[in-house]
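Chemist: Numbering-wise (this note's numbering), the sequence shown opens with residue 8 and increments by one. The beta-carbon is built from N, C-alpha and C at its ideal position, and this holds for glycine as well. This structure is in structure tokens; I'll ask about it shortly.
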Amino acid sequence: MCGIAGFLEFDKSSLTSDPYNLIDKMLSVIIHRGPDDHGKLMHGYEEKNNNEENSLNVTDKYVVLGHRRLSIIDLTKNGSQPMVSRSGKLELIYNGEIYNYLELKKELEPLYSFQTDSDTEVILAAYENWGINMLSRFDGMFAFALWDNENQELICARDSMGIKPFYYNLSDKGFIFGSEPRVILEGLNTNGTVDEEHTAEFLTLGLSDFDEGTFYNEVKQLQGGHYFVLKHHDKEIKSNRFWSPTKVKKADDSNELRMVDLYDAYLKTIELSVKRQLRSDVPIGTSLSGGVDSSVIAYWSGNLLKEKARDYTAITFSTPGFALDESQSAKKVAEACGINWETATEPGFSDFPQLFKHLITTMGEPFTSLSVLAQYKVMQRASQLGIKVMLDGQGGDEMYLGYSRVAQNVIFSNLRKGKLISFLKGITLFKRNSSISIVKAIILNIVYNSPVLAHWLKHRRSSKYTSNKLLSKIRPTLVSDYFSNKSVENKQLDELEKYCLPRLLRYADRNSMAFGVESRVPHLSSLSRDFALQLPINYRVKDGWTKYIVRRSMVGKLPQEILWDKQKKGFDIPQSKWLNILNDDMKAMVINMNDSGIFKKDRILEALDKRVGLDDPYLWRVLSVIAWMKYMNVAFKSNE
Numbered sequence: 008m009c010g011i012a013g014f015l016e017f018d019k020s021s022l023t024s025d026p027y028n029l030i031d032k033m034l035s036v037i038i039h040r041g042p043d044d045h046g047k048l049m050h051g052y053e054e055k056n057n058n059e060e061n062s063l064n065v066t067d068k069y070v071v072l073g074h075r076r077l078s079i080i081d082l083t084k085n086g087s088q089p090m091v092s093r094s095g096k097l098e099l100i101y102n103g104e105i106y107n108y109l110e111l112k113k114e115l116e117p118l119y120s121f122q123t124d125s126d127t128e129v130i131l132a133a134y135e136n137w138g139i140n141m142l143s144r145f146d147g148m149f150a151f152a153l154w155d156n157e158n159q160e161l162i163c164a165r166d167s168m169g170i171k172p173f174y175y176n177l178s179d180k181g182f183i184f185g186s187e188p189r190v191i192l193e194g195l196n197t198n199g200t201v202d203e204e205h206t207a208e209f210l211t212l213g214l215s216d217f218d219e220g221t222f223y224n225e226v227k228q229l230q231g232g233h234y235f236v237l238k239h240h241d242k243e244i245k246s247n248r249f250w251s252p253t254k255v256k257k258a259d260d261s262n263e264l265r266m267v268d269l270y271d272a273y274l275k276t277i278e279l280s281v282k283r284q285l286r287s288d289v290p291i292g293t294s295l296s297g298g299v300d301s302s303v304i305a306y307w308s309g310n311l312l313k314e315k316a317r318d319y320t321a322i323t324f325s326t327p328g329f330a331l332d333e334s335q336s337a338k339k340v341a342e343a344c345g346i347n348w349e350t351a352t353e354p355g356f357s358d359f360p361q362l363f364k365h366l367i368t369t370m371g372e373p374f375t376s377l378s379v380l381a382q383y384k385v386m387q388r389a390s391q392l393g394i395k396v397m398l399d400g401q402g403g404d405e406m407y408l409g410y411s412r413v414a415q416n417v418i419f420s421n422l423r424k425g426k427l428i429s430f431l432k433g434i435t436l437f438k439r440n441s442s443i444s445i446v447k448a449i450i451l452n453i454v455y456n457s458p459v460l461a462h463w464l465k466h467r468r469s470s471k472y473t474s475n476k477l478l479s480k481i482r483p484t485l486v487s488d489y490f491s492n493k494s495v496e497n498k499q500l501d502e503l504e505k506y507c508l509p510r511l512l513r514y515a516d517r518n519s520m521a522f523g524v525e526s527r528v529p530h531l532s533s534l535s536r537d538f539a540l541q542l543p544i545n546y547r548v549k550d551g552w553t554k555y556i557v558r559r560s561m562v563g564k565l566p567q568e569i570l571w572d573k574q575k576k577g578f579d580i581p582q583s584k585w586l587n588i589l590n591d592d593m594k595a596m597v598i599n600m601n602d603s604g605i606f607k608k609d610r611i612l613e614a615l616d617k618r619v620g621l622d623d624p625y626l627w628r629v630l631s632v633i634a635w636m637k638y639m640n641v642a643f644k645s646n647e
């Protein structure tokens, strides 16, 4: 786990007259991602001096690769990057972990002479022998840039789920890339400007990270499961998809499946996923919310580590006195799993303003709620305890239909198909076992399958605080796609690939890397991914229960009250209380903002003065955008 940065100039000095200084500046803004080591490699520039390490003089090719290292596997200098292949043909900078690197290394050993114990060298060996087809063989999370000296081209790729980030800017001058938007902005020597389309869509729909766009006009992102090959003077990115859910074999409840015990298959899949992700040369722990997904990870960690479990720590965010505090449930799980347990407590009153500012700059872009602060504090606590790797339960909801808004479609799909008895049975069980009411489920089902109605309702609420000048930028095609009447399977894939998981993964990456901690997500391993997506729907949602196969398979392994708890858990926070603490700072920020009339100051200040509606997601999203613009010094183009 690390930070990468680099650029490719189409003509010498087209981006900078001092490439040495520029790459140093780009790496300096992500030192938190890799505090253990750094390195750089250059092509096409005169050596700065005779002692310049890894500086090569190759005519007409102006390429710079930079790396900040967080040492996790092979802690020696042998694992440092940029790493050059044994043949000298390939040079790699890479952020992530290939969890099946030992298995791949064994397969490659007859073909490649390994000199390190790192997974980085496995990528180099894999590319030399398998080419780009290697990507489909990786079980891991990754974002990398690989310079092919022989073919004079840059290969850039991002893992199938988009767990690790890859941002870039392509212009007539050249190509700049890195692990965070701030790397790109540093490379361009700008604070950036607001992308109005994506910002309007965030304010109204709560969506982000669903395509190649970001909140910055100047920054794009490579989507998960994609790669591209860039040669000098290429003026556009033509990305290719190496993994897609459509490639996963679909299945129904056929005779073939009845011959297989899918509950046992689930247990074997998640066990192997966790086993691979426990591989580390540094201390390791887990985030534990007290919900099903993180509890599953805690159980298998304790089970696999056996006597070593006493050195493995679970960390829970605690809000004493808060009705939805999860610490006691999490403690019960940790005790059942035989692992250590720690809490990360909410910040004190006097700490909040400065902490909020740091949270905004850590995220680097707006976010949907202050719940990200809980994860931030857990990662901070992990760092304080000397834990450099944290396993996380993220992805379980998206893989096994854990969200009621998607799972309820299983019931209503029976009504649309004319299966009245199945529909009535589903409604009855849903009422008994779901955390939301039947009335709310019906309303949500109508709204989330009606683009015109949904947009009207959301626009109406958003326009209370934001001008139509900005909201008019929302793309009708996005609204139509997001709220269209799709099958349960396609709704799930939307959550997985576009409308939910990508932004949650961004939050997790920024929060963990802010403290030099690697966050791993076993529910999103290639093994878990392919297993979950081929499951028949009735193994994912059954008898009104979401994530049925997970709950059913873990019976006897986790406490019953955790497995069959209707209330979804995931680091719940007292947002109204926190916003009340920040109220005066928020008001000052709104009063002093310069937005050319984009936001309705009076309406926002009225809401803050009355201290009502502080749990209103539309109000929070506006405040998040305003805070981002203030602390990151971002402006609308009209303000330039």
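Alpha helix (DSSP H) containing residue 113: first to last residue?
Modeler: As a first step, residue 113 is located in the sequence shown; it is residue number 106 there, counting from the start. Note, residue 113: alpha helix (DSSP H), 108 to 115.
Chemist: Nearest-angstrom Cα distance between residue 396 and residue 613?
Modeler: On the sequence shown, position 389 is the one that residue 396 refers to. On the sequence shown, position 606 is the one that residue 613 refers to. If I take the Cα positions, the gap works out to 44 Å.
Chemist: Would you mind reading off the limits of the alpha helix (DSSP H) that contains residue 599?
Modeler: If you number the sequence shown from 1, residue 599 lands on position 592. Run containing residue 599: none; DSSP gives neither H nor E here.
Chemist: Suppose you measure from the CA of residue 406 to the CA of residue 208; what does that come to, to the nearest Å?
Modeler: Taking the sequence shown and counting its residues from 1, one reaches residue 406 at position 399. Taking the sequence shown and counting its residues from 1, one reaches residue 208 at position 201. C-alpha separation (whole angstroms): 25 Å.
Chemist: DSSP beta-bridge partners for residue 45?
Modeler: For the purposes of this step, residue 45 is taken as the residue at position 38 of the sequence shown. Answer by DSSP bridge pairing, in chain order: 75.
Chemist: So, using beta-carbon positions, are residue 74 and residue 163 closer together than 9 Å?
Modeler: The count along the sequence shown starts at 1 and reaches residue 74 at position 67. The count along the sequence shown starts at 1 and reaches residue 163 at position 156. Contact flag unset, no.
Chemist: The alpha helix (DSSP H) with residue 35 in it runs from where to where?
Modeler: By one-based count along the sequence shown, residue 35 stands at place 28. It spans 26 to 35 - the alpha helix (DSSP H) in which residue 35 sits, taken as one unbroken run.
Chemist: Under a three-way DSSP split, which group does residue 606 fall into?
Modeler: Counted from its first residue, the sequence shown places residue 606 at position 599. Here residue 606 sits in strand by DSSP.
Chemist: Reducing DSSP to helix, strand and coil, say where residue 148 ends up.
Modeler: Taking the sequence shown and counting its residues from 1, the one referred to as residue 148 is at position 141. Strand.
Chemist: Pull up the distance between the alpha-carbon of residue 530 and that of residue 168, whole angstroms please.
Modeler: What you label residue 530 is simply residue 523 of the sequence shown in a count that begins at 1. What you label residue 168 is simply residue 161 of the sequence shown in a count that begins at 1. C-alpha separation (whole angstroms): 11 Å.
Chemist: Tell me the DSSP bridge mates of residue 563?
Modeler: On the sequence shown, residue 563 is found 556 positions in, with the first residue counted as 1. Per DSSP, none; premise fails for residue 563.
Chemist: Taking 8 Å as the limit between beta carbons, can you name the residues of its chain near residue 604, skipping five residues before and five after?
Modeler: Here the question's residue 604 lines up with position 597 in the sequence shown. Correct list, in chain order: 474 and 476.
Chemist: I'd like the span of the beta strand (DSSP E) that includes residue 314, first residue to last.
Modeler: On the sequence shown, position 307 is the one that residue 314 refers to. Residue 314 -> no beta strand (DSSP E), and no H or E assigned at all.
Chemist: What span of residues does the beta strand (DSSP E) with residue 181 cover, start to end?
Modeler: Residue mapping note: residue 181 aligns to position 174 of the sequence shown, counting from 1. From DSSP, the beta strand (DSSP E) with residue 181 extends over 181 to 185.
Chemist: Decide if residue 84 is buried, meaning its Cβ has at least 16 other Cβ atoms within 10 Å, or exposed.
Modeler: Taking the sequence shown and counting its residues from 1, one reaches residue 84 at position 77. Its Cβ having fewer than 16 others within 10 Å, residue 84 is exposed.
Chemist: Suppose the cutoff is 6 Å on Cβ atoms and the five residues either side in sequence are ignored; what does the same chain contact list for residue 451 look like?
Modeler: In the sequence shown, residue 451 corresponds to position 444, counting from 1. Answer for residue 451: 412, listed in chain order.
Chemist: Can you check DSSP and say which residues form a bridge with residue 527?
Modeler: As a working note, residue 527 is residue 520 in the sequence shown. For residue 527, which the question treats as bridged, DSSP gives the partners 398.
Chemist: Buried or exposed for residue 526, please, with buried defined as at least 16 other CB atoms from any protein chain shown within 10 angstroms of its CB.
Modeler: One-based indexing of the sequence shown puts residue 526 at position 519. Per the 10 Å Cβ criterion, buried.
Chemist: Let me know the secondary structure DSSP gives residue 205 once reduced to three states.
Modeler: Here the question's residue 205 lines up with position 198 in the sequence shown. Reduced to three states, the DSSP call for residue 205 is helix.
Chemist: When the Cα of residue 478 is compared with those of 463, 113, 619 and 243, which residue comes out closest?
Modeler: As a working note, residue 478 is residue 471 in the sequence shown. Measuring from the Cα of residue 478, the nearest candidate turns out to be 463.
Chemist: Buried or exposed for residue 355, going by 16 or more other Cβ atoms inside 10 Å?
Modeler: By one-based count along the sequence shown, residue 355 stands at place 348. Flag for residue 355 reads exposed.
Chemist: Would you decide whether residue 166 is buried or exposed? Buried here means 16 or more other CB atoms lie within 10 Å of its CB.
Modeler: The residue labelled residue 166 in the question sits at position 159 within the sequence shown. Under this definition residue 166 is a buried residue.
Chemist: If we require 3 or more residues per run, which beta strand (DSSP E) segments fall completely within the stretch 263 to 304?
Modeler: As far as the stretch 263 to 304 is concerned, its whole beta strand (DSSP E) runs of at least 3 residues are 291 to 294.
Chemist: Quick one: is residue 365 buried, meaning 16 or more other Cβ sit within 10 Å of its Cβ, or exposed?
Modeler: Taking the sequence shown and counting its residues from 1, the one referred to as residue 365 is at position 358. By the neighbour-count rule (16 or more Cβ atoms within 10 Å), residue 365 is not buried but exposed.
Chemist: Assign residue 56 to one of three DSSP states: helix, strand, or coil.
Modeler: Locating residue 56 in the sequence shown gives position 49, where the first residue counts as 1. Reliability fails at residue 56, whose pLDDT of 41 lies under 50, so the model's placement of it is uncertain and no value is given.
Chemist: Kindly indicate which three-state DSSP category residue 368 falls into: helix, strand or coil?
Modeler: Stepping through the sequence shown from its first residue, residue 368 is reached at position 361. Helix, per DSSP.
Chemist: Confirm, please, whether the CB-CB distance from residue 88 to residue 99 is below 9 Å.
Modeler: In the sequence shown, the residue the question calls residue 99 occupies position 92. In the sequence shown, the residue the question calls residue 88 occupies position 81. Yes, the Cβ-Cβ distance between residue 99 and residue 88 is below 9 Å.
Chemist: Could you tell me the distance, in whole angstroms, from the CA atom of residue 123 to the CA atom of residue 82?
Modeler: Taking the sequence shown and counting its residues from 1, one reaches residue 123 at position 116. Taking the sequence shown and counting its residues from 1, one reaches residue 82 at position 75. The alpha-carbon atoms of residue 123 and residue 82 are separated by roughly 10 Å.
Chemist: In this structure, does DSSP put residue 193 in helix, strand or coil?
Modeler: As a first step, residue 193 is located in the sequence shown; it is residue number 186 there, counting from the start. Helix.
Chemist: Report buried or exposed for residue 460, applying the criterion of at least 16 other Cβ atoms within 10 angstroms of its Cβ.
Modeler: Taking the sequence shown and counting its residues from 1, the one referred to as residue 460 is at position 453. So residue 460 counts as exposed.
Chemist: Judging by CA-CA distance, which residue of 390, 415 and 324 is the nearest neighbour of residue 290?
Modeler: Stepping through the sequence shown from its first residue, residue 290 is reached at position 283. Of 390, 415 and 324, the residue nearest in Cα terms is 390.
Chemist: Would you tell me roughly how many angstroms separate the C-alpha atoms of residue 417 and residue 177, rounded to the nearest one?
Modeler: Start at 1 with the first residue of the sequence shown, and residue 417 comes out as number 410. Start at 1 with the first residue of the sequence shown, and residue 177 comes out as number 170. Cα-Cα distance, rounded: 43 Å.
Chemist: In three-state terms, what does DSSP make of residue 388?
Modeler: Within the sequence shown, the letter at position 381 stands for residue 388. Note: residue 388 maps to helix in three-state DSSP.
Chemist: State the DSSP-derived secondary structure class of residue 90, mapped to helix, strand or coil.
Modeler: Sequence index remark: in the sequence shown, residue 90 carries index 83 (1-based). Of the three classes helix, strand and coil, the one that applies to residue 90 here is strand, per DSSP.
Chemist: Since residue 236 is in the alpha helix (DSSP H), which residue starts that stretch and which ends it?
Modeler: Here the question's residue 236 lines up with position 229 in the sequence shown. Per DSSP, residue 236 belongs to no alpha helix (DSSP H); it is in the beta strand (DSSP E), 233 to 238.
Chemist: With respect to the beta strand (DSSP E) encompassing residue 642, which residues constitute its N-terminal and C-terminal limits?
Modeler: Position 635 of the sequence shown, counted from the start, is the residue given in the question as residue 642. From DSSP, residue 642 is part of no beta strand (DSSP E); its letter is neither H nor E.
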